[in-house]
Each structure stands twice: as C-alpha cells, then as structure tokens.
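Numbering (our numbering), first residue to last: 469 to 564.
Laid out in structure tokens, this is it:
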C-alpha cells in the first residue's frame, strides 16, 4: 500500500474535521490494493481477513463516507461497484 496516499487521506480527513476510522481506512486500502473492480461483498471478504467480525454495513458505511467526502466516485455497473479513488489535493486518480 502506498503510504503517501494513506497520509494524504489522513491529512484530508483531519483538515475537514471528519473521523477516519480504522475500518474506513482499511476499506480505502483494499480498494487501492485491488487491481479490479470489486463489489461491496468482495471488499467485505477481504476486510474479514483482518476484521473477522466485519458485517456488510461496515463496508457500506465506509464506502458512503468515501463518497460523501469526495474521495471516491461510484460507478454503477451491472454486477460490481467500481470506485475511482480521487485525492484532489495531489491530482492523483486511481481507478480501482
């Protein structure tokens, strides 16, 4: 995982006064680490490796947070949710 992206995510959340929970951060990392579009349930399966107690609302809340903060863009495809993670402050766009 690119620690520079994580640091920028942390800085953006801090500057906006919003809480970056460990679950939100981990979902962001999973999106960035993926080399394909992933459904929320695929992200949940990956999250359960480090957080076995994770449930679907955990992932959906994290995705909602990233969308609300403008840190991701949702693309509705027939079978998967694809996110483009966008950090405006550095003009870096990752399509996940």
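Glycine included, C-beta positions come from ideal geometry on N, C-alpha and C. These numbers were taken from a predicted model, which means no experiment stands behind them.
query, result
"For residue 482, which of helix, strand or coil comes out of DSSP?", "helix"
"Helix, strand or coil for residue 592, going by three-state DSSP, please let me know.", "For the chain, the structure presents residues 469 to 564; residue 592 sits outside this window and is missing."
"Provide the residue span of the alpha helix (DSSP H) that contains residue 504, from first to last.", "Looking at the DSSP string, residue 504 is not in any alpha helix (DSSP H), and its letter there is neither H nor E."
"DSSP three-state call for residue 476: helix, strand or coil?", "helix"
"Helix or strand or just coil, what does DSSP make of residue 522?", "coil"
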